[in-house]
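Written below as structure tokens is the structure these notes are about.
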Amino acid sequence: MALGPLMVLTILVIAYVIASIFLPLLTGGAGYTPTPRRAVDEALAIADLKKDEVFYDLGCGAGGVLLRALRRCDDVRGIEIEPLRWLVARLRARGARVILGDLFKQDISDADVIFMFQYRGRINDRIARKIRSEVRPGTRVVSYLHAIEGMRLVRKRSDIFVYEA
Ligand SMILES: C[S@@+](CC[C@H](N)C(=O)[O-])C[C@H]1O[C@@H](n2cnc3c(N)ncnc32)[C@H](O)[C@@H]1O
Numbered sequence: 038m039a040l041g042p043l044m045v046l047t048i049l050v051i052a053y054v055i056a057s058i059f060l061p062l063l064t065g066g067a068g069y070t071p072t073p074r075r076a077v078d079e080a081l082a083i084a085d086l087k088k089d090e091v092f093y094d095l096g097c098g099a100g101g102v103l104l105r106a107l108r109r110c111d112d113v114r115g116i117e118i119e120p121l122r123w124l125v126a127r128l129r130a131r132g133a134r135v136i137l138g139d140l141f142k143q144d145i146s147d148a149d150v151i152f153m154f155q156y157r158g159r160i161n162d163r164i165a166r167k168i169r170s171e172v173r174p175g176t177r178v179v180s181y182l183h184a185i186e187g188m189r190l191v192r193k194r195s196d197i198f199v200y201e202a
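Note that my numbering gives residue 192 to position 155 of the sequence shown, counting from 1, and the numbers run on in steps of one.
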């Protein structure tokens, strides 16, 4: 029995939605929830992000954090594993470099400020190991909502944790 074009399209859309949910989970990363704009602005202010610094959002979703960071900084980069969110981020955050891929496979050694909203526990532990082995001492790491074990906490305001590598 041949499937009609509408049925094929429906199957493809359902398959894509399922894949987009499970892709980040395969690496242990968070699914998609955007950081509230209030928290992003507060985080960037606490991290004291400057114009000439290099900023990363690890798992940038649809690019909301990148957009806010572009107001303060010229070199803004995001890494996103899920293709549809990556595309939206690329279209929204013009001026940022938005990389499609697994954050664990990207070089972030030139970072001055790193933002992340992932999960407490295994994923944050893994990211912390990557950060410790790659970035320069003094790099600021901002985590929204979840603490990162084993990193030096220098500031904390409600749900924003700021560390120094
Ligand atoms: C909670 S959302 C945060 C989005 C954005 N950073 C924000 O704060 O608004 C986490 C994002 O990380 C992405 N992600 C999860 N694991 C990843 C990985 N290994 N590499 C790149 N992105 C990943 C998810 O697809 C999701 O879009």
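Note that beta-carbon positions come from the ideal geometry of N, C-alpha and C, so glycine has one too.
Roughly how many angstroms lie between the CA atoms of residue 97 and residue 108, to the nearest whole one? 16 Å
Given the structure, does residue 70 come close to ligand 1, in the sense that its CB is under 7 Å from one of the ligand's heavy atoms? yes
Confirm the yes/no value for this check: CB of residue 125, any heavy atom of ligand 1, distance under 7 Å. For residue 125, the CB stays at least 7 Å from every heavy atom of ligand 1.
What does DSSP give as the partner residue(s) for residue 189 in the beta ladder? 201
Three Cβ pairs or more, each shorter than 8 Å: is that satisfied between the segment 180 to 197 and the segment 72 to 79? These segments touch.
Contacting residues, own chain, Cβ-Cβ under 8 Å from residue 176 (five flanking each side not counted): 148, 149, 150, 151, 168, 201 and 202
Roughly how many angstroms lie between the CA atoms of residue 194 and residue 42, to the nearest whole one? If you draw a straight line from the Cα of residue 194 to the Cα of residue 42, it comes to about 52 Å.
Residue 90 - containing alpha helix (DSSP H), residue span: That residue, residue 90, is in no alpha helix (DSSP H); it is neither H nor E in DSSP.
Around the Cβ of residue 188, are there at least 16 other Cβ atoms within 10 angstroms (buried) or fewer (exposed)? buried
Can you determine whether any heavy atom of ligand 1 sits closer than 7 Å to the C-beta of residue 171, and answer yes or no? no
Which runs of the beta strand (DSSP E) spanning at least 3 residues fall entirely within the segment 141 to 195, listed in chain order? Within the segment 141 to 195, the complete beta strand (DSSP E) runs of at least 3 residues are 150 to 153, 177 to 181 and 189 to 194.
Taking only the alpha-carbon atoms, compute the straight-line gap between residue 166 and residue 159 and give it to the nearest angstrom. Cα to Cα, the separation comes out at about 11 Å.
How is the beta strand (DSSP E) around residue 115 delimited, first residue to last? 112 to 117
Keeping to the same chain, check which residues put their C-beta closer than 7 Å to that of residue 142; ignore five residues upstream and five downstream. Cβ within range, chain order: n/a, list empty.
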